[in-house]
Amino acid sequence: MSEAAADDWPKIRSVGVDGLLVSFGDRLSEAANRAALAFRGALDRQGPEGIEETSTSLVSTYLRYDPIAGDPAAIRAGVADLLGDRDWYAEPLPEGRRFWRIPTLYGTDLAPQLEEAAKAAGMTAEEAIRSISETRVRVQTIGFAPGQPYLGALPEAWDIPRQSQLTDKVPVGALVVAVRQLVLFSVTTPTGWRHIGQTAVKLFRPDSDTPFVLRPGDEVQFDPVDRAAFEKLQQNGPDGGATSEELT
Amino acid sequence: MSRSLIVHRAGPGLSVQDMGRSGYLAFGLSRGGAADRLALEEGAALLAQPVLPALEMAGMGAEFEASEDMRIALTGAPMRASIDGARVVWNASHLLPAGARLSIGAVERGSYGYLSVGGGLACEERLGAQSAHLAAGLGAALEPGDVLPVGPDKGERVGMTFDPEARFEGGAVRIVASLQTDFFAPEERARFEATRFTRDARGNRMGVRMMPDGKGFESEAGLSVLSEIIVPGDIQVTGDGTPFVLLAESQTTGGYPRIGSVLPADLPRVAQAQAGATITFSFVDLDTAHEIERREATRRKGLRGATRPLVRSPHDIPDLLSYQLISGVTAGDDLERV
Numbered sequence: 001m002s003e004a005a006a007d008d009w010p011k012i013r014s015v016g017v018d019g020l021l022v023s024f025g026d027r028l029s030e031a032a033n034r035a036a037l038a039f040r041g042a043l044d045r046q047g048p049e050g051i052e053e054t055s056t057s058l059v060s061t062y063l064r065y066d067p068i069a070g071d072p073a074a075i076r077a078g079v080a081d082l083l084g085d086r087d088w089y090a091e092p093l094p095e096g097r098r099f100w101r102i103p104t105l106y107g108t109d110l111a112p113q114l115e116e117a118a119k120a121a122g123m124t125a126e127e128a129i130r131s132i133s134e135t136r137v138r139v140q141t142i143g144f145a146p147g148q149p150y151l152g153a154l155p156e157a158w159d160i161p162r163q164s165q166l167t168d169k170v171p172v173g174a175l176v177v178a179v180r181q182l183v184l185f186s187v188t189t190p191t192g193w194r195h196i197g198q199t200a201v202k203l204f205r206p207d208s209d210t211p212f213v214l215r216p217g218d219e220v221q222f223d224p225v226d227r228a229a230f231e232k233l234q235q236n237g238p239d240g241g242a243t244s245e246e247l248t
Numbered sequence: 001m002s003r004s005l006i007v008h009r010a011g012p013g014l015s016v017q018d019m020g021r022s023g024y025l026a027f028g029l030s031r032g033g034a035a036d037r038l039a040l041e042e043g044a045a046l047l048a049q050p051v052l053p054a055l056e057m058a059g060m061g062a063e064f065e066a067s068e069d070m071r072i073a074l075t076g077a078p079m080r081a082s083i084d085g086a087r088v089v090w091n092a093s094h095l096l097p098a099g100a101r102l103s104i105g106a107v108e109r110g111s112y113g114y115l116s117v118g119g120g121l122a123c124e125e126r127l128g129a130q131s132a133h134l135a136a137g138l139g140a141a142l143e144p145g146d147v148l149p150v151g152p153d154k155g156e157r158v159g160m161t162f163d164p165e166a167r168f169e170g171g172a173v174r175i176v177a178s179l180q181t182d183f184f185a186p187e188e189r190a191r192f193e194a195t196r197f198t199r200d201a202r203g204n205r206m207g208v209r210m211m212p213d214g215k216g217f218e219s220e221a222g223l224s225v226l227s228e229i230i231v232p233g234d235i236q237v238t239g240d241g242t243p244f245v246l247l248a249e250s251q252t253t254g255g256y257p258r259i260g261s262v263l264p265a266d267l268p269r270v271a272q273a274q275a276g277a278t279i280t281f282s283f284v285d286l287d288t289a290h291e292i293e294r295r296e297a298t299r300r301k302g303l304r305g306a307t308r309p310l311v312r313s314p315h316d317i318p319d320l321l322s323y324q325l326i327s328g329v330t331a332g333d334d335l336e337r338v
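These protein sequence lines are chains A and B, in that order. First residue of the first sequence? That's 1 in full-length UniProt numbering, and the numbers climb one at a time after it. First residue of the second sequence? That's 1 in full-length UniProt numbering, and the numbers climb one at a time after it.
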């Protein structure tokens with residue numbers, strides 16, 4: 001935490017007609033991300049009456065309330081009280097976190113922007129694969145599409161911008177990179193991030209008992225596999241060879 | 001055969017919709033549900049039942065058959081509807097006899113028409129709701145041959161109508177400032193309020209594009225702005241300065257700055273505006289917005305009391321005999337029954 005940030009944050013702002021956003025910074029940091037997750041947990045356990053739903057983004061906690069049945073001023077005051085209760089930046093990560101290993105095919109025609117992304121990061125393709133696959137990244141938030149994680153942080157070299165033009169479409173399971181973060185797509189979508197790897201894991205399974213596979217705080221490593229191994233994993237059900245263990 | 005509605009013809013945007021599913025925002029799944037929630041409440045009022053899952057028809061109509069006599073209500077964007085060839089009135093409830101064909105044409109005004117049934121649809125719930133979330137791939141648009149289970153109906157009354165809130169041709173929309181409104185300079189915000197927007201043809205359940213009559217809108221949000229929470233009604237300004245109003249199936253987070261957020265009470269007007277309709281936006285403060293929402297909630301609670309029997313002049317009905325036989329409003333005690 002820089003001193004300037006400590007002065008200005010956290011702050012509470014309204015979102016639309018029926019929401020509040022508690023932000024712990026305007027830049028991504030591990031402490032602000034942790035604070036947002038911890039504050040959401042506290043809201044769910046001991047937040048003021050009248051909260052209908054909570055969520056987190058990268059460095060903020062969101063809550064929605066019923067502005068007709070509830071008293072908006074009282075809810076905001078209750079949130080401010082809870083916020084002043086302790087140093088949220090010092091809170092631990094949520095419990096029940098897991099460590100995932102997800103087999104990944106880097107490059108090839110299935111992930112055609114590896115070379116380009118490596119060059120932007122000042123590496124060869126081989127160095128890029130090693131750099132990314134050896135970094136244990138954390139799920140910072142789930143958002144944009146169902147079950148879709150933003151993961152980080154990657155080493156400094158990966159502070160590369162998004163592309164100016166969108167890629168028309170990347171498939172489910174695409175691993176993309178920008179701004180020291182990875183996103184693992186749960187839907188087929190256009191994107192401004194560079195497509196560097198392809199996995200066979202499906203992160204949104206609406207008909208399963210666990211429709212959303214990853215949770216904020218989970219850690220992930222993207223292990224390189226070759227084409228033959230990847231194609232075998234594709235036949236292997238929605239996990240695509242991904243394995244997990246509890247973090248203690 | 002169990003009580004059901006059979007789909008014989010379907011436009012591309014025919015889907016089961018309800019008030020959506022709450023509680024999955026943290027997992028990246030927006031609430032979804034009907035694009036025009038007011039139309040579901042109107043359908044419920046006409047059938048004198050709670051808001052139950054119904055059919056949403058985006059632009060194009062569809063054709064249905066009921067397995068047994070069924071009450072129906074038609075609300076939202078007006079469409080040309082007939083039962084076995086006899087025209088039936090929109091914004092009204094009717095009897096759909098077993099085996100008869102309910103044929104619904106394209107919208108005449110607006111964007112989304114709704115077919116509610118007595119007892120409501122009783123399709124399988126996924127993640128706590130029946131509604132299809134098309135953007136998330138949760139459920140899917142309906143196709144000819146689909147058979148939709150319908151719940152038991154204790155109601156009897158049909159032939160009711162009401163005067164819907166006009167919302168199919170654009171108009172004035174109220175918005176509140178939201179967390180990123182400050183990214184837009186006061187002059188840009190003033191220009192936004194003074195601008196007449198045309199509802200673009202590009203739009204779906206995720207959002208609709210609003211074309212300004214002048215240049216686009218600039219924000220001071222740089223490329224380093226973090227992706228932040230999105231709620232339905234948010235007005236997102238994309239890189240070229242064009243605003244999009246985000247609707248029920250919006251993404252849950254986004255990196256484009258948002259200049260404001262449409263009041264839920266006015267969101268049906270945005271969702272229903274047909275392509276080419278003119279829309280203007282004006283800011284109200286949050287306390288005013290809450291007061292507007294309270295009034296709207298009271299008004300919606302009173303919808304059932306505002307329904308009345310269809311009163312027909314014989315001159316307006318070319319084939320009086322066939323109309324009455326089919327619509328089933330000849331029981332004679334409609335006025336007395338509550």
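Backbone N, C-alpha and C fix where the C-beta goes; we use that ideal spot for every residue, glycine too.
Given 8 angstroms as the limit, is there contact between the stretch 233-245 of chain B and the stretch 203-210 of chain B, that is, 3 or more CB pairs closer than that?
yes
With 9 angstroms set as the bound, which would you pick, yes or no: does the beta-carbon of A:Q163 sit closer than that to a beta-carbon of chain B?
no
Step through the CB atoms of chain A and report whether any lies within less than 9 angstroms of the CB of B:G241.
No, no contact with chain A.
Which runs of the alpha helix (DSSP H) fall wholly inside the stretch 84-127 of chain A and span at least 4 residues, in chain order?
114-120
Against chain A, does B:G137 count as a neighbour if the rule is that its beta carbon must be under 9 angstroms from one of theirs?
yes
For chain E, is any of its Cβ atoms less than 9 angstroms away from the one on B:G254?
This model lacks chain E altogether, as its protein chains are A and B.
Quick check on the DSSP output: what are the complete beta strand (DSSP E) runs of length 3 or more inside the stretch 240-323 of chain B, in order along the chain?
243-246, 258-262 and 278-283
Looking at A:W88 and A:P10, is the spacing between their C-beta atoms short of 9 angstroms?
yes
When the Cα atoms are used, what is the spatial distance from A:D168 to B:G13?
23 angstroms
Closer than 9 angstroms by beta-carbon distance: list the chain B residues that pair up with A:T54, in chain order.
Result: L25 and A26.
Hey, is A:R13's beta-carbon within less than 9 angstroms of any beta-carbon in chain B?
yes
Own chain partners of A:T188 with C-beta closer than 8 angstroms, once the 5 adjacent residues on each side are dropped
K169, V170, P171 and V172
Does any residue of chain B have a CB that is nearer than 9 angstroms to the CB of residue 253 of chain A?
The structure shown has nothing for residue 253 of chain A, since chain A only spans 1 to 248.
Check whether the stretch 55-71 of chain B touches the stretch 2-13 of chain B, taking contact to mean three or more Cβ pairs, one atom from each stretch, closer than 8 angstroms.
yes
Determine, using beta carbons only, whether B:V16 and B:S131 come nearer to each other than 9 angstroms.
For B:V16 and B:S131, yes; Cβs fall inside 9 angstroms.
Using 8 angstroms as the Cβ pair cut-off and three pairs as the minimum, do the stretch 31-40 of chain B and the stretch 243-262 of chain B touch?
Under the Cβ criterion (8 angstroms, minimum of three pairs), the stretch 31-40 of chain B counts as touching the stretch 243-262 of chain B.
Helix, strand or coil: which one does DSSP assign to A:D66?
A:D66 falls in the coil class under three-state DSSP.
Identify whether B:A66 lies in helix, strand or coil by the three-state DSSP scheme.
Note: B:A66 maps to strand in three-state DSSP.
According to DSSP, is B:F217 part of a helix, a strand, or is it coil?
Looking at B:F217 - three-state DSSP - the assignment turns out to be coil, as it is neither helix nor strand.
Please identify the residue among B:R202, B:L179, B:V173 and B:G203 whose C-alpha is closest to the C-alpha of residue 339 of chain B.
What the structure shows of chain B is the stretch from 1 to 338, and residue 339 of chain B is not part of that stretch, so it cannot be assessed.
Just to check my reading of the structure: B:P268 and B:R189 have Cβ atoms closer than 8 angstroms, yes? What is that Cβ distance to the nearest angstrom?
That pair is no contact at about 24 angstroms.
Does the Cβ of A:P190 have 16 or more other Cβ atoms within 10 Å, making it buried, or fewer, making it exposed?
exposed
List, in order along the chain, the chain B residues whose C-beta lies closer than 7 angstroms to that of A:P211?
L127
Bridge partner(s) assigned by DSSP for A:L58
Answer is none; A:L58 lacks a bridge partner.
Report the option in B:D146, B:P78, B:R196 and B:H94 whose CA atom is closest to the CA atom of B:D84.
B:H94
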